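Numbering (the UniProt record's numbering), first residue to last: 180 to 403. Don't be surprised by glycine CBs; every beta carbon is placed ideally from N, CA and C. All figures in this text were calculated on a predicted structure; none of them were measured in a lab.
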Ligand code: PMT
């Protein structure tokens with residue numbers, strides 16, 4: 180029993196994958212199902228937290244007692260996360276956010292034209308929400324957690340990303356067949372800005388979620 184160690188706390192979790200529209204029927208997206216973020220939201224609620232779950236395109240049941248804010252794009256996700264973070268004790272960014280979006284949106288469906296090469300898609304940069312929140316800390320003492328899905332040099336890339344983004348904890352998970360994107364299970368190492376490394380063995384996404392909240396709870400200032 181983990182008890183109610185997050186009672187009186189407000190936590191914000193982002194989940195799912197952003198979709199960046201090209202036209203009314205097409206988007207650039209990724210393979211996030213939202214399962215890891217939803218597991219984090221359920222775990223925090225079970226430990227007594229008030230939870231805001233900013234959910235990007237996840238087709239999952241709403242966790243009981245959680246305030247779900249649905250979003251589509253990275254820009255919408257930023258707005259919702261920043262708004263909810265103003266008074267949050269912790270922010271956990273499990274969402275897979277597109278780094279780039281198409282520079283233009285076609286109001287009508289893009290047509291292919293006979294005998295013409297396809298037009299290239301020009302991309303523009305999306306805001307980096309995690310770096311922004313970690314840099315600004317809307318609430319003093321706020322604990323900020325990022326995720327990183329990596330395919331190679333997992334720990335070295337993770338450590339560099341933690342420093343670049345300025346977060347307190349970074350959950351590094353390796354992209355693989357039966358973990359990370361879409362699956363029920365995950366495996367990770369949680370890196371701390373204090374140099375700590377907490378390995379989480381292969382298992383249900385709920386187990387990783389519980390470990391993340393353990394590490395967050397240790398870092399929260401006394402409840403006032
Ligand atoms: O949803 P599931 O199917 O359960 O899969 C879970 C997951 C694989 C999506 C999750 O465990 C995970 O790893 N999420 C982060 C995916 C990722 O590759 O993130 P990133 O390396 O692009 O970004 C690093 C961090 O910065 C993330 O916390 C991300 O939310 C944040 N970010 C990224 C880009 C951006 N423009 N703004 C951000 O805030």
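Can we count residue 220 as close to the ligand PMT, meaning its CB is less than 6 Å from some heavy atom? Here the question's residue 220 lines up with position 41 in the chain shown. Answer for residue 220: no, Cβ out of range of the ligand PMT.
Where do the N-terminal and C-terminal ends of the beta strand (DSSP E) with residue 349 fall, by residue? Taking the first residue of the chain shown as position 1, residue 349 is located at position 170. Residues 348-353.
Just to check, is the beta-carbon of residue 192 closer than 6 Å to a non-hydrogen atom of the ligand PMT? Taking the first residue of the chain shown as 1, we reach residue 192 at position 13. In this structure, residue 192 has its beta carbon at no less than 6 Å from each heavy atom of the ligand PMT.
Three or more C-beta pairs under 8 Å: does that hold for the segment 331-339 against the segment 275-291? In this structure the segment 331-339 does not touch the segment 275-291; the number of beta carbon pairs closer than 8 Å is below three.
Beta-carbon contacts of residue 301 that lie in its chain and below 6 Å, excluding the five residues immediately before and after: As a position in the chain shown, residue 301 is number 122, starting the count at 1. Here the set comprises 282.
How would you label residue 354, buried or exposed, when you count the other beta carbons within 10 angstroms and need 16 or more for buried? Taking the chain shown and counting its residues from 1, the one referred to as residue 354 is at position 175. In this structure residue 354 is exposed. Its beta-carbon is surrounded by fewer than 16 other beta-carbon atoms within 10 angstroms.
Taking buried to mean at least 16 other C-beta atoms within 10 Å of its own C-beta, is residue 297 buried or exposed? Looking up residue 297 in the chain shown gives position 118. Residue 297 should be labelled exposed.
Following a CB-centred definition, is residue 375 positioned closer than 6 Å to any heavy atom of the ligand PMT? Position 196 of the chain shown, counting from 1, holds the residue named residue 375. Every heavy atom of the ligand PMT is 6 Å or more from the Cβ of residue 375, so no.
DSSP three-state assignment for residue 224, whether helix, strand or coil: Taking the chain shown and counting its residues from 1, one reaches residue 224 at position 45. For residue 224, the three-state secondary structure derived from DSSP is helix.
Using the three-state DSSP reduction, which class does residue 327 fall into: helix, strand or coil? For the purposes of this step, residue 327 is taken as the residue at position 148 of the chain shown. Under the three-state reduction of DSSP, residue 327 is assigned to strand.
Which same chain residues, not among the five before or five after residue 239, have their C-beta less than 6 Å away from its C-beta? Here residue 239 is taken as the residue at index 60 of the chain shown, counted from 1. Cβ-Cβ distances below 6 Å link residue 239 to 213 and 217 in the same chain, with the five nearest sequence neighbours on each side left out; the list follows chain order.
Residue 192 classed as buried or exposed, judged by whether at least 16 other C-beta atoms fall within 10 angstroms: Residue numbering aside, residue 192 sits at position 13 when the chain shown is read from its first letter. In summary, residue 192 is buried, with 16 or more beta-carbon neighbours lying within 10 Å of its beta-carbon over all protein chains present.
Residue 287: buried (16+ other C-beta within 10 angstroms of its C-beta) or exposed? Numbered from its first residue, the chain shown carries residue 287 at position 108. It counts as exposed.
Is residue 217 helix, strand or coil when you go by DSSP? Along the chain shown, read from residue 1 onward, the residue named residue 217 stands at position 38. Here residue 217 sits in helix by DSSP.
Could you give the first and the last residue of the continuous beta strand (DSSP E) run that contains residue 336? Start at 1 with the first residue of the chain shown, and residue 336 comes out as number 157. Looking at the DSSP string, residue 336 is not in any beta strand (DSSP E); the run it does join, the alpha helix (DSSP H), is 333-344.
Looking at the unbroken beta strand (DSSP E) that takes in residue 246, where does it start and where does it end? Here residue 246 refers to the residue found at position 67 when the chain shown is read from its first residue. Here the beta strand (DSSP E) through residue 246 covers 246-250.
Cut-off 8 Å between Cβ atoms - residues of its own chain near residue 399, not counting five sequence neighbours on either side: Taking the first residue of the chain shown as position 1, residue 399 is located at position 220. Contacts found: 188, 268, 269, 320 and 322.
What I want to know is whether the C-beta of residue 215 ends up closer than 6 Å to one or more non-hydrogen atoms of the ligand PMT. Position 36 of the chain shown, counting from 1, holds the residue named residue 215. Checking the Cβ of residue 215 against the ligand PMT gives yes.
Does DSSP put residue 201 in a helix, a strand or coil? Locating residue 201 in the chain shown gives position 22, counting from the first residue. Here residue 201 sits in strand by DSSP.
Which residue comes first and which comes last in the beta strand (DSSP E) that contains residue 276? On the chain shown, residue 276 is found 97 positions in, with the first residue counted as 1. Unbroken run through residue 276: none, as it is neither H nor E.
Helix, strand or coil, according to DSSP, for residue 384 in the structure here? Counting from one through the chain shown, the residue named residue 384 turns up at place 205. Three-state result, residue 384: helix.
Below 6 Å CB to CB, which residues in the same chain sit around residue 366 once its five sequence neighbours on both sides are set aside? Here residue 366 refers to the residue found at position 187 of the chain shown. Result list for residue 366: 358 and 381, in chain order.
Alpha carbon to alpha carbon, what distance is there between residue 306 and residue 202? Stepping through the chain shown from its first residue, residue 202 is reached at position 23. Stepping through the chain shown from its first residue, residue 306 is reached at position 127. Take the alpha-carbon of residue 202 and the one of residue 306: they are about 21 Å apart.
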